[in-house]
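Chemist: In my numbering, the protein residues as written are 266 to 412.
A virtual CB, placed ideally from N, CA and C, is assigned to each residue, including glycine.
Just so you know, these numbers come straight off a predicted model, no measurement behind them.
(1) Tell me the rounded alpha-carbon separation between residue 287 and residue 397.
(2) If the criterion is Cβ atoms closer than 9 angstroms, does the pair residue 330 and residue 346 meet it?
(3) For residue 360, collect the residues of the same chain with a Cβ closer than 8 angstroms to its Cβ; drop the 5 residues on either side in sequence, then sort them by chain order.
(4) What distance in whole Å lies between the Cβ atoms of residue 323 and residue 375, which are believed to be in contact at a cut-off of 8 angstroms?
(5) Just how far apart, CA to CA, sit residue 395 and residue 337?
(6) Please report the distance separating the alpha-carbon of residue 293 from that of residue 372.
(7) Sort 380, 411, 405 by Cα distance to residue 399 and report the nearest one.
(8) For residue 316 and residue 278, which I take to be in contact (beta-carbon distance under 8 angstroms), what is that distance rounded to the nearest angstrom?
(9) Exposed or buried, residue 348, counting other C-beta atoms within 10 Å across all chains shown (16 or more means buried)?
(10) Give the single residue among 344, 369, 387, 383 whose Cα lies nearest to the Cα of residue 357.
(11) DSSP state of residue 320, grouped into three classes?
(12) In its own chain, which residues sit with a C-beta less than 7 angstroms from the C-beta of residue 313, not counting the 5 before and 5 after it?
(13) Looking at the C-beta of residue 340, does it have a partner C-beta in chain D at a distance below 9 angstroms?
(14) Can you tell me the Cβ-Cβ gap for residue 368 and residue 342, rounded? I've got them flagged as a contact below 8 angstroms.
(15) Decide if residue 282 is buried, meaning its Cβ has at least 16 other Cβ atoms within 10 Å, or exposed.
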């Protein structure tokens with residue numbers, strides 16, 4: 266099960282973001298100021314981002330952070346699953362599968378995107394099972410906070 270983030274979830278959000286950014290799922294941690302900026306934007310509106318808290322038997326166990334853009338290539342709204350994290354003890358219970366099915370059922374979403382570390386075999390298998398295709402090109406970025 267999952268629910269939308271609320272203002273009361275601030276500490277929970279920071280806890281899960283910190284665990285995510287100190288896991289093998291990412292290349293490197295990000296500055297804590299980025300958590301602040303993201304949480305502030307999430308509380309301001311859902312124009313660009315949305316966040317969900319995963320729960321199992323009423324207990325929080327992870328989160329998913331989404332960002333939205335309009336894609337000419339896809340012909341509509343493209344949602345990127347920026348971050349998804351579920352406590353290790355709660356993995357394998359179908360929480361991520363339920364979440365992906367929910368996203369795929371949304372009529373206003375033309376495309377779903379997700380990034381995955383090349384060596385994260387478990388995540389890659391899940392994403393392929395959910396219908397994600399490997400893109401035939403690389404992505405490149407400039408991060409102003411990285412020098």
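Modeler: Well, looking at it:
(1) 25 angstroms
(2) yes
(3) 266, 267, 319, 321, 326, 327, 351
(4) Incorrect: roughly 34 angstroms between the Cβ atoms, too far for contact.
(5) 23 angstroms
(6) 34 angstroms
(7) 380
(8) 7 angstroms
(9) buried
(10) 387
(11) strand
(12) 306, 332, 333
(13) The displayed structure is made up of one protein chain only, and chain D is not part of it.
(14) With a Cβ gap of about 11 angstroms, residue 368 and residue 342 do not count as contacting.
(15) buried
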